[in-house]
Every structure is written in C-alpha cells, then in structure tokens.
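Colleague:
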Amino acid sequence: MNITDLKHAVNGIDFEEEKQRQMILEIGAKKKTHGYMRTLRPAVAVAVCIVAVGILSVPVRAVVSSLVQERMESLPEDEVAQIAEQIQNQQTEANSSTREYTEGEKERRGSLYAQYQNGLFPTGELTMVDSEEEAKEHEFCFLTTTGVFYLPANRELTDEEILQKIDFERKQDYALQEQNAEEIARRKAAEKEQIKEVVASGGITEEQAVETATGYLQQVFGLDGSGMELNHYYNESAVEPVIDANTYCVNWSDYGNYRYYYFHIDALDGTLRSLSYSHDIQEAEAVRPAVSEASGKIANIKRQAQDFLEEKLKIRGSYKEVKSYYRVNVTDKTVSRLVDVLFVEEDGTAYLVACRWNGEADDFSVTTKEDYEKQLREEVRLNMYYYETREEREVEIEIVEN
33 MNITDLKHAV NGIDFEEEKQ RQMILEIGAK KKTHGYMRTL RPAVAVAVCI VAVGILSVPV
93 RAVVSSLVQE RMESLPEDEV AQIAEQIQNQ QTEANSSTRE YTEGEKERRG SLYAQYQNGL
153 FPTGELTMVD SEEEAKEHEF CFLTTTGVFY LPANRELTDE EILQKIDFER KQDYALQEQN
213 AEEIARRKAA EKEQIKEVVA SGGITEEQAV ETATGYLQQV FGLDGSGMEL NHYYNESAVE
273 PVIDANTYCV NWSDYGNYRY YYFHIDALDG TLRSLSYSHD IQEAEAVRPA VSEASGKIAN
333 IKRQAQDFLE EKLKIRGSYK EVKSYYRVNV TDKTVSRLVD VLFVEEDGTA YLVACRWNGE
393 ADDFSVTTKE DYEKQLREEV RLNMYYYETR EEREVEIEIV EN
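If you number the sequence shown the way this note's numbering does, the last residue is 434 and the count never jumps.
#1: Determine the direct distance from the alpha carbon of C173 to that of V302, and round the result to whole angstroms.
#2: My guess is that G179 and Q226 are in contact by the Cβ rule of under 8 Å, so how many angstroms apart are they, rounded?
#3: Answer with buried or exposed for S233, where buried requires no fewer than 16 other C-beta atoms within 10 angstroms of its C-beta.
#4: Any chance the CB of E117 is under 7 Å from a heavy atom of the ligand NAP?
#5: With a 10 Å radius around its C-beta and 16 neighbouring C-beta atoms as the bar for buried, classify G247 as buried or exposed.
#6: Which residue from T399, D110, V362 puts its Cα closest to that of V432?
#7: How would you write the range of the alpha helix (DSSP H) that I236 sits in, first residue to last?
#8: Should the region 356-371 be called in touch with the region 419-433, which here means at least 3 C-beta pairs below 8 Å?
#9: Thinking C-alpha only, which one of N127, K401, T381 is nearest L183?
#10: Quick one: residues in its chain with C-beta nearer than 7 Å to the C-beta of V376, no 5 flanking neighbours on either side, listed in chain order?
#11: What does T159 pair with, by DSSP beta-bridge criteria?
#12: Terminal residues of the continuous alpha helix (DSSP H) containing T421?
#13: Rank L300, M260, R320, D298 by C-alpha distance to the C-alpha of Q147 and give the top, closest one.
#14: CB-CB under 8 Å to G349, same chain, minus the five flanking residues each way: which ones, in chain order?
#15: Can you give me the C-alpha to C-alpha distance between Y418 and L408, rounded to a whole angstrom?
#16: Use the C-beta contact count for K168: other C-beta atoms within 10 angstroms, 16 or more gives buried, fewer gives exposed.
#17: With contact counted as at least three CB pairs below 8 Å, one residue from each stretch, are the region 290-302 and the region 332-340 in contact?
#18: Where do the ends of the alpha helix (DSSP H) carrying L374 lie?
#19: If you reduce the DSSP assignment to three classes, tell me which class F153 lands in.
#20: Does the distance from the C-beta atom of A299 to that of I236 stay below 8 Å?
#21: Measuring CB to CB, does R320 end up less than 8 Å from S397?
#22: Measure the alpha-carbon distance for Y265 versus L158 and round it to whole angstroms.
#23: Can you tell me which of the three DSSP states R140 falls into?
#24: For R140, I'd like the list of residues in its chain whose CB is within less than 7 Å of its CB, leaving aside the five on either flank, ordered along the chain.
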C-alpha cells in the first residue's frame with residue numbers, strides 16, 4: 033500500500049492474485065483497514081499496489097530517520113497540500129508503473145533506500161504531468177491524474193531517478209499524514225485508552241508485544257530488524273478480519289527491497305496469533321505450476337508446512353486432520369499462487385500455514401477449520417464477482433482439497 037498500513041497488517045502480505053481482487057472489492061465497499069489511516073479515501077487507505085510490478089509497498093511508517101523527517105517537515109505547505117489533493121483526486125485505486133522493475137533496479141533500489149534514510153536525497157524533483165500526451169514526452173515521470181509512474185522503456189532507471197521516486201512516495205505518505213493529523217491524533221489517544229483497559233484486565237503492554245514479535249522475527253526469519261522501519265499498534269475488538277481483533281500488530285518494513293514482516297500478538301496472553309511475510313510477488317509467480325502438475329506437489333508442501341510449524345514456531349502436536357487447499361481457475365487454467373495447509377487438533381484449534389508452491393511458508397494463523405473454510409468460500413465468491421463486475425466475464429473457480 034504505498035500510502036498506508038497493509039490490509040493484512042498486513043497487510044497481506046504476499047497479496048496473491050485472488051487476494052488482490054478481494055482487496056479491490058473491499059475498497060469499493062469502503063471496508064475499514066488497520067492502523068491510523070482508516071479515515072483516508074478507501075482507494076488509498078487499504079493499499080497502493082504497484083500493480084504492473086506486482087509489488088505491495090507499505091507506507092505510513094511510524095519509525096523514520098530523523099534526516100528524512102526533517103526533509104518532510106521542511107516541505108512548503110502548499111506542496112504538501114497539492115500532493116494530498118492529487119492523491120484524493122486520483123482516478124485509479126492505486127499507484128502503478130508502466131513496467132516491472134528489472135533485477136538490477138530492484139537491487140539498486142534496496143541499496144539506495146538505505147542511503148536515502150541516511151541523507152542521500154535526489155538532486156532534482158520527479159517530473160509531474162497531467163495528461164497521457166504529456167507523459168509520452170518524458171522517459172520518466174508521474175501522471176498525477178491516474179497515479180502512474182512512467183518508467184523508461186529501453187533503459188534502466190538511473191540512481192537519481194530511483195531516488196526521485198523514493199522521495200516522492202515518502203512525500204505522499206507525509207502529505208496524507210498531515211492531511212489527517214487530527215484524526216490520527218484522536219485515534220492514537222483512543223488507542224492508548226484501550227491499551228490501558230487491556231493491561232488493567234491482565235493483558236500485555238504494547239512494549240511486551242514488540243519484544244515478543246522481535247523474538248519471532250529472529251526465530252522465523254533470522255532478522256533483528258536492523259535497517260527496517262518498525263510500526264506497531266493495537267487492533268480493537270471490532271477490527272476486520274476478526275482473527276486480528278484484540279491483538280497488537282507489530283511489523284517491520286524493508287521498503288527498499290519490498291519486504292514486509294507482520295506479526296499479530298494476542299493482547300491478553302501474548303501468544304502469536306498470526307504472522308505474514310510480504311515480498312515481490314514475482315518470487316511466488318516463478319514457482320507456480322501448471323494445473324496438471326499441482327496435485328503432485330502437495331505431499332512435499334505438507335511436509336514443509338509441518339517443518340515450519342515445528343522448527344520455526346516450535347509448535348508440535350498430533351493432529352486429527354491435515355488438509356491442503358488451493359484454488360483452480362478452471363476458465364483460465366491457472367492455480368492460486370499459494371497453497372493453504374491446515375493442521376487441526378483434537379480440540380478444534382487449527383494452525384493455518386500458507387505456502388508457495390516450492391514449500392516456503394509465507395503466512396501463519398491460528399483459526400478453526402470451520403472459520404477457515406467459510407472464509408475460503410467467501411474469497412472464491414468475491415473473486416468470481418470481481419471477474420463478473422470488473423472484467424465483465426464469468427469464470428469458474430474450484431477449491432481443490434487434499
């Protein structure tokens with residue numbers, strides 16, 4: 033979401049194709065999102081997907097370098113207001129790009145963003161245009177009316193151009209924060225009162241949740257948070273999805289490399305309710321099999337999902353049922369990018385591990401079989417509704433269980 037907190041807060045973290053469509057539908061329905069930016073226009077408040085690149089970036093970062101913060105605070109008020117107005121008037125639901133980043137651009141972006149945090153700012157400004165005709169006159173520019181970054185077609189972005197894009201995206205974040213400063217402050221104050229009630233009833237503090245999540249970041253991913261931006265907040269009981277209610281969301285953003293790590297910690301007992309890892313969607317796309325090959329990969333995926341539970345999360349148990357689920361778009365002859373593996377215990381508690389087709393785990397959550405299957409059916413319904421309303425065609429989507 034290049035201008036908020038992730039829906040999956042993620043969000044999302046790897047927003048596979050089906051989840052992207054569901055997200056778009058939820059935007060249209062004006063469902064609220066997590067974090068303090070719930071009051072933003074829905075198209076922005078859920079996520080800014082870099083659709084052409086297949087990447088989800090996560091803004092409204094709570095922890096930024098003092099140098100970047102000073103740069104943002106020095107912006108003229110009229111420039112900040114103009115950027116905020118552009119976003120509100122944007123015709124499309126998300127910033128996008130005319131092409132994917134090359135591998136070289138991705139690598140340089142990661143390095144340049146770290147340098148940007150340390151004060152390496154662009155020497156010039158991103159070119160802004162207001163029409164497609166004007167955009168065609170420039171190799172690199174931003175079309176304000178549609179939110180499209182026009183990237184050079186026949187060459188890679190220069191370091192200066194990458195820095196200009198990073199800088200402008202941060203200005204967008206800052207402009208929205210400033211525009212909604214009063215509402216954000218009000219919600220922060222209300223959140224503090226909610227946390228007081230949680231702690232008074234025997235729950236954990238936000239600081240304890242951050243400490244717990246930091247332990248899982250190291251345990252699962254081998255990271256300590258260095259070089260990433262930290263954000264955390266409390267999810268009230270009315271939050272959607274319900275699985276995230278009464279949790280602290282603690283997340284780290286490696287914005288330069290488009291990698292995000294989200295943890296939901298139960299506010300009462302301090303246990304891990306869910307985690308998700310968001311990354312360049314092309315990594316998942318690269319291992320997605322043909323429909324005819326999918327079923328032959330399930331046994332290995334189940335084994336790796338159980339290894340993830342036991343080795344990374346230290347969850348060991350005897351399960352009365354272990355099932356996998358994936359979706360097949362029968363019309364387009366494609367499978368979903370992720371496979372869900374559900375481990376059901378005798379008491380009905382279920383651990384859900386979402387894996388890429390090479391077996392690498394992306395998401396984990398605690399749920400029940402009934403709740404998961406209900407959600408899955410609803411996602412399929414929404415996906416089919418998306419095709420019908422947005423692409424004006426009917427598709428058949430099946431759920432495959434093993």
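Don't be surprised by glycine CBs; every beta carbon is placed ideally from N, CA and C.
Modeller: Taking the coordinates as given:
#1: Here residue 302 corresponds to residue number 270 of the sequence shown, with the count starting at 1. Here residue 173 corresponds to residue number 141 of the sequence shown, with the count starting at 1. Checking the sequence, you will find Gly at residue 302 rather than Val. Cα to Cα, the separation comes out at about 46 Å.
#2: Position 147 of the sequence shown, counting from 1, holds the residue named residue 179. Position 194 of the sequence shown, counting from 1, holds the residue named residue 226. Not really, about 34 Å apart at Cβ, beyond 8 Å.
#3: The sequence position of residue 233 within the sequence shown is 201, counting from 1. When all chains shown are included, S233 counts as exposed.
#4: As far as ligands go, the structure on display features none, and thus does not contain the ligand NAP.
#5: In the sequence shown, the residue the question calls residue 247 occupies position 215. Under the 10 Å beta carbon count, G247 is surrounded by fewer than 16 other beta carbons and is classified as exposed.
#6: By one-based count along the sequence shown, residue 432 stands at place 400. The option with the nearest alpha carbon to V432 is V362.
#7: In the sequence shown, counting from the first residue as 1, residue 236 sits at position 204. Counting along the chain, I236 falls outside any alpha helix (DSSP H), and DSSP gives it neither H nor E.
#8: The way I'd put it, the region 356-371 does touch the region 419-433; three or more beta-carbon pairs between them come closer than 8 Å.
#9: Looking up residue 183 in the sequence shown gives position 151. For the residues N127, K401, T381, the minimum Cα distance to L183 belongs to N127.
#10: Working through the sequence shown from its first residue, we reach residue 376 at position 344. Y351, K352, E353, A382, K401, listed in sequence order.
#11: Taking the first residue of the sequence shown as 1, we reach residue 159 at position 127. DSSP lists no partner for T159.
#12: As a working mapping, residue 421 is identified with position 389 in the sequence shown. Where T421 is concerned, the enclosing alpha helix (DSSP H) stretches over 401-422.
#13: As a first step, residue 147 must be located in the sequence shown, where it is residue number 115. Nearest C-alpha to Q147: M260.
#14: As a working note, residue 349 is residue 317 in the sequence shown. Cβ neighbours of G349 beyond the five flanking positions: F375, E377.
#15: The residue labelled residue 418 in the question sits at position 386 within the sequence shown. The residue labelled residue 408 in the question sits at position 376 within the sequence shown. Cα to Cα, the separation comes out at about 15 Å.
#16: As a working note, residue 168 is residue 136 in the sequence shown. By the neighbour-count criterion, in which 16 or more other beta carbons inside 10 Å mark a residue as buried, K168 falls on the exposed side.
#17: With the cut-off at 8 Å, the region 290-302 and the region 332-340 do not touch.
#18: Position 342 of the sequence shown, counted from the first residue, corresponds to residue 374. Annotation for L374: no alpha helix (DSSP H) segment contains it, though the beta strand (DSSP E) segment containing it runs 370-376.
#19: Stepping through the sequence shown from its first residue, residue 153 is reached at position 121. Three-state result, F153: coil.
#20: The residue you call residue 299 lines up with position 267 of the sequence shown. The residue you call residue 236 lines up with position 204 of the sequence shown. The Cβ atoms of A299 and I236 sit closer than 8 Å to each other.
#21: The residue labelled residue 320 in the question sits at position 288 within the sequence shown. The residue labelled residue 397 in the question sits at position 365 within the sequence shown. Contact: no.
#22: As a working mapping, residue 265 is identified with position 233 in the sequence shown. As a working mapping, residue 158 is identified with position 126 in the sequence shown. The straight-line gap separating the alpha-carbon atoms of Y265 and L158 is approximately 33 Å.
#23: Counting from one through the sequence shown, the residue named residue 140 turns up at place 108. R140 falls in the helix class under three-state DSSP.
#24: Here residue 140 refers to the residue found at position 108 when the sequence shown is read from its first residue. Around R140: D191, I194.
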